[in-house]
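Residue numbers (UniProt numbering): 1 to 109.
For every residue, glycine included, the Cβ atom is placed at its ideal position computed from N, Cα and C.
Take a look at the structure set out below.
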Amino acid sequence: GLSAASTPGAANGPTPGGFGGASPLPDDCVTPALRSYAMRYEEALHAFQQASFTEARDVAGALLEEHPGDVPTQMLLKRATIALHGADNGGFSEDELRAWTGERRMDEK
Numbered sequence: 001g002l003s004a005a006s007t008p009g010a011a012n013g014p015t016p017g018g019f020g021g022a023s024p025l026p027d028d029c030v031t032p033a034l035r036s037y038a039m040r041y042e043e044a045l046h047a048f049q050q051a052s053f054t055e056a057r058d059v060a061g062a063l064l065e066e067h068p069g070d071v072p073t074q075m076l077l078k079r080a081t082i083a084l085h086g087a088d089n090g091g092f093s094e095d096e097l098r099a100w101t102g103e104r105r106m107d108e109k
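Right under this line is the structure:
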């Protein structure tokens, strides 16, 4: 098997898009601003997956100020906001939060 040391990109940590290796786009197509945006999106997504919904909401909201039309960020902001409102308002119950895994089944459009 491949060790982390022999995996392309492993020494540099995750890359934008979460591919763990080289970016699928040539370096001259990915601006520093776009790379920063992608890394901050991953920060928001990781916070959401760890049930840090306030952090996820705040980071996603800041990202949307820069790029209001970014649909994945809009969806993440919506999910984090709903999660913060509790079961009575479409969010998670205490039992659901205790069972939280950070994974979401993609069965809706």
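Are the beta-carbon atoms of residue i and residue j separated by less than 8 Å?
i	j	result
A60	L34	no
E66	Y37	yes
Excluding the 5 residues preceding and the 5 following residue i in the sequence, name in chain order all residues of the same chain whose CB lies nearer than 7 Å to its CB.
i	result
E43	V59
With distance defined between alpha-carbon atoms, name the residue in the options nearest to residue i.
i	options	result
S52	H67, L84, S93, M75	L84
A47	S93, A80, E96	A80
residue 110	I82, E94, M39	Shown here, the chain extends from 1 to 109; a query on residue 110 therefore has no answer.
For residue i, I'd like the list of residues in its chain whose CB is within less than 8 Å of its CB, leaving aside the five on either flank, ordered along the chain.
i	result
R98	none
T73	Y41, A44, A60, L63, L64, H67
Got a sec? Which residues, its chain only, sit under 6 Å from residue i by beta carbon, not counting five neighbours each side?
i	result
T29	Note that residue 29 is Cys in the sequence shown, not Thr. Excluding positions up to five away in sequence, the list is empty.
E96	none
E55	A47
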